[in-house]
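Data block below; observations after.
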Amino acid sequence: MGGKAKPTKHTSAELAKKAADALTNKGGGSAGMKDRAGGSVGHSKYKCNICMQAAPDPKSMQMHFEAKHPKETFSLEKCSDVHAAAGGVTTQGVAVRGGIKKHHN
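Residues in the sequence shown are numbered consecutively from 581, following this note's numbering.
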């Protein structure tokens, strides 16, 4: 507890929370919600060429193929890469908390 006329120092927890709030996607209304969901293509990178099921990585796509299409042969080249089709960027950082007017105390 601080004494009289002594300014209180910021704790490392306060500084870490301030940095996390400034750099983490939160809020932002409907644009922020769409951004956190991965933009228009979502966070899943691959799409099954047979049933259009999305998968985040090659291993998940292989597991999907073994479970849902056991008679088909698995080839990752046949699956579409939706991130490449969207230009490689899925989130734009619309919903970063904070704005132009920052209060530095």
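All C-beta atoms in this analysis are idealised placements derived from N, C-alpha and C, irrespective of residue type, glycine included.
Asked, Found
"Measure the C-alpha to C-alpha separation of L603 and K597 and round it to an integer number of angstroms.", "10 Å"
"Here's the rule I'm using: 16 or more other beta-carbon atoms within 10 Å means buried, otherwise exposed. How should K651 be labelled?", "exposed"
"Could you tell me how far apart the beta carbons of K625 and D637 are, in whole angstroms, since I believe they sit closer than 8 Å?", "7 Å"
"Using the rule of at least 16 other Cβ atoms within 10 Å of the residue's Cβ for burial, across every protein chain shown, is M632 buried or exposed?", "exposed"
"At the level of alpha carbons, what is the spacing between N629 and A593?", "48 Å"
"With a 10 Å radius around its C-beta and 16 neighbouring C-beta atoms as the bar for buried, classify M641 as buried or exposed.", "buried"
"Does the separation of the CB atoms of A635 and H644 fall below 7 Å?", "yes"
"If you draw a straight line from the alpha carbon of E646 to that of A664, how long is it in whole angstroms?", "25 Å"
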